[in-house]
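All you need for my numbering is the position in the sequence shown, starting with 1, plus 152.
Heads up: the structure comes next, in structure tokens.
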Amino acid sequence: MYFPEINRIEYEGPQSKNPLAFRWYNPDEMVEGKSMRDHMRFSVVYWHTMRGDGSDPFGVGTAVRPWEDGTDSVDNALRRVEVAFEIFEKLQAPFYAFHDRDVAPEGSSLAESHANFERVAKSLKEHQQKTGIQLLWGTANLFSNPRYMHGAATSCNVDVFAYAAAQVKKCLEVTKELGGQNYVFWGGREGYQNLYNTDMQRELDHLARFFHMAVDYAKQIGFSGPFLIEPKPKEPTKHQYDSDAAACLNFLRAYDLMPYFKLNLETNHATLAGHTMMHELDYAGHQGALGSIDANTGDLLLGWDTDQFPTDYYLTTQCMLAILKHGGLGSGGVNFDAKVRRESFEPIDLFHAHIGGMDAFARGLKIAAAIRADGELSSFVQQRYSSWDGELGQKIESGQSSLAELEAYMMQKGEAQPNTSGRQEMLENLINRYL
Ligand code: XUL
Ligand code: CO
Numbered sequence: 153m154y155f156p157e158i159n160r161i162e163y164e165g166p167q168s169k170n171p172l173a174f175r176w177y178n179p180d181e182m183v184e185g186k187s188m189r190d191h192m193r194f195s196v197v198y199w200h201t202m203r204g205d206g207s208d209p210f211g212v213g214t215a216v217r218p219w220e221d222g223t224d225s226v227d228n229a230l231r232r233v234e235v236a237f238e239i240f241e242k243l244q245a246p247f248y249a250f251h252d253r254d255v256a257p258e259g260s261s262l263a264e265s266h267a268n269f270e271r272v273a274k275s276l277k278e279h280q281q282k283t284g285i286q287l288l289w290g291t292a293n294l295f296s297n298p299r300y301m302h303g304a305a306t307s308c309n310v311d312v313f314a315y316a317a318a319q320v321k322k323c324l325e326v327t328k329e330l331g332g333q334n335y336v337f338w339g340g341r342e343g344y345q346n347l348y349n350t351d352m353q354r355e356l357d358h359l360a361r362f363f364h365m366a367v368d369y370a371k372q373i374g375f376s377g378p379f380l381i382e383p384k385p386k387e388p389t390k391h392q393y394d395s396d397a398a399a400c401l402n403f404l405r406a407y408d409l410m411p412y413f414k415l416n417l418e419t420n421h422a423t424l425a426g427h428t429m430m431h432e433l434d435y436a437g438h439q440g441a442l443g444s445i446d447a448n449t450g451d452l453l454l455g456w457d458t459d460q461f462p463t464d465y466y467l468t469t470q471c472m473l474a475i476l477k478h479g480g481l482g483s484g485g486v487n488f489d490a491k492v493r494r495e496s497f498e499p500i501d502l503f504h505a506h507i508g509g510m511d512a513f514a515r516g517l518k519i520a521a522a523i524r525a526d527g528e529l530s531s532f533v534q535q536r537y538s539s540w541d542g543e544l545g546q547k548i549e550s551g552q553s554s555l556a557e558l559e560a561y562m563m564q565k566g567e568a569q570p571n572t573s574g575r576q577e578m579l580e581n582l583i584n585r586y587l
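Here it is in structure tokens:
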């Protein structure tokens, strides 16, 4: 036991002042006919929680992690697995997610890296079996090693593409072996810093080839979970090819990948793209591509990917409104791609951070469900579009009208009268009634 002073975090209700208890996340509580546990499918990420050290571009790590021996050895990695599962269990998180290089050290050759990964995966599997905790998704880190400086699947160097392919092949095998429910591609360095040196079309063609190879290999080994692309518009590159939900869906359609892919949407990436998270969720959702979410938030005053834990009830309410509207997360989950601040250096801060995020999402779920149950918001929207429910609207929507017909119609009618107010302020007040 690495946290003898911390018991399993339990639900104590909104009145509780215990900082190590849930005030809103009550796993068995039913909301819209489904338990909170099944709605949220909370997941802890290995990279921030187990590997984050609090370093930033201005200074070395600050995090105190007594289980770390300062080496990047397999032994240290195996000890981390024990710590990780104690954290997951105590948080009552049913899922976790990793990059290959988070869980096991890169070796001095590809073969050694594969062997390290397999060794640690064996231990991950044992811990999963012992605890019932499951792998939400796996992904390959195709951006940290210097070989990937120009990208991986979009590198100008074919050998780098091949190396990345080998890494993804192994990571797919391990993800399947661990019962991973999805497989994620975040763009890493797939993008460009400068178009003078870039053949964008060739790079995009290569990215699509890479994804098709992954689809083919998944079929070959019987990995059936969906692939997820995680959009992000910039950082580390100036322009990331998977810039937002719309760009990803266009790419997937253009290259015949739609049947195999959905999206993993992250709040801080949405805001970097100039969108709200609700926009990204709704955009993906109405195209049947809402796969999973990376739950976090940026900072209003900082323009980069700060990956903070989400604690804002407006944000989580908006997320849950969109998620419920589109029928839930399916095989995805609410994955905390979030890190404690550099100044929050003690191990216990990892608990405070996750408790806050889980409670904020549980509260958002309850508020969203209450808004939906009352139906005032949805009936306002329905009413706002009600002119489309008449004969003309139906004819247009079903593709049976024409410009000529509409010209004749307006010639006779004369003018289109504005019919309803948008009532934005009234609706904002309405939302506030539930918070
Ligand atoms: C980077 C990011 C990644 C992905 C997984 O901004 O969000 O951690 O979630 O590669
Ligand atoms: Co992410």
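Backbone N, C-alpha and C fix where the C-beta goes; we use that ideal spot for every residue, glycine too.
Asked: The segment 548–558 in contact with the segment 214–228 per 3-pair CB rule at 8 Å; Found: no
Asked: N-terminal and C-terminal residue of the alpha helix (DSSP H) that D311 is part of; Found: 310–329
Asked: Which of helix, strand or coil DSSP assigns to M301; Found: coil
Asked: Stretch-stretch touch, CB-based, cutoff 8 Å, three pairs: the segment 284–303 with the segment 325–340; Found: yes
Asked: Start and end residues, beta strand (DSSP E) containing F461; Found: First-last for F461: undefined, no H or E at that position.
Asked: Length of the line joining the Cα atoms of S261 and F513; Found: 42 Å
Asked: Per-residue burial, S307 [other beta carbons within 10 Å of its own, 16 or more giving buried]; Found: buried
Asked: Cα-Cα separation, F155 to W219; Found: 11 Å
Asked: Cut-off 7 Å between Cβ atoms - residues of its own chain near L276, not counting five sequence neighbours on either side; Found: V233, V255, L330
Asked: P342: CB within 7 Å of a non-hydrogen atom of ligand 2; Found: Here residue 342 turns out to be Glu, not Pro, going by the sequence shown. No, the Cβ of E342 stays beyond 7 Å of every heavy atom of ligand 2.
Asked: Below 5 Å from a heavy atom of ligand 2 - residues by beta-carbon; Found: E418, D446, D489
Asked: Contact between the segment 340–351 and the segment 392–409 (3+ Cβ pairs under 8 Å); Found: yes
Asked: Closer than 7 Å: H391 CB and nearest ligand 1 heavy atom; Found: no
Asked: Beta-carbon proximity list for L294, same chain, < 7 Å, skipping 5 on both sides; Found: Y300, A304, A316, Q319, G340
Asked: Buried or exposed (CB count within 10 angstroms, at least 16 for buried), R515; Found: buried
Asked: Through-space distance from F375 to N297, alpha-carbon basis; Found: 27 Å
Asked: Complete runs of the beta strand (DSSP E) confined to the segment 322–387 [at least 3 residues]; Found: 334–338, 379–382
Asked: Contact check, Q333 vs G377, beta carbons under 8 Å; Found: yes
Asked: Check: W199 C-beta below 7 Å from any heavy atom of ligand 1; Found: yes
Asked: Simplified DSSP state of K414, which is helix, strand or coil; Found: strand
Asked: The segment 410–424 contacting the segment 441–448, beta-carbon criterion three pairs below 8 Å; Found: yes
Asked: CA nearest to the CA of L380, picked from D434, G485, G479; Found: G485
Asked: Stretch-stretch touch, CB-based, cutoff 8 Å, three pairs: the segment 420–431 with the segment 456–474; Found: yes
Asked: Where the beta strand (DSSP E) containing S275 begins and where it ends; Found: Per DSSP, S275 belongs to no beta strand (DSSP E); it is in the alpha helix (DSSP H), 262–283.
Asked: C-alpha gap between P179 and S539, whole angstroms; Found: 43 Å
Asked: Assigned exposure category for Y435 - 16 Cβ within 10 Å defines buried; Found: buried
Asked: Distance between R585 and Q372 (C-alpha atoms, nearest Å); Found: 53 Å
Asked: Inter-residue CB distance, W456 and E387 (contact presumed, cutoff 8 Å); Found: 6 Å
Asked: Straight-line Cα distance separating P171 from K242; Found: 14 Å
Asked: One or two residues paired with Y466 in a DSSP bridge; Found: DSSP, once it has assigned bridges, lists no residue as partnering Y466.
Asked: Buried or exposed by the 16-neighbour rule on C-beta atoms within 10 Å, applied to T423; Found: buried
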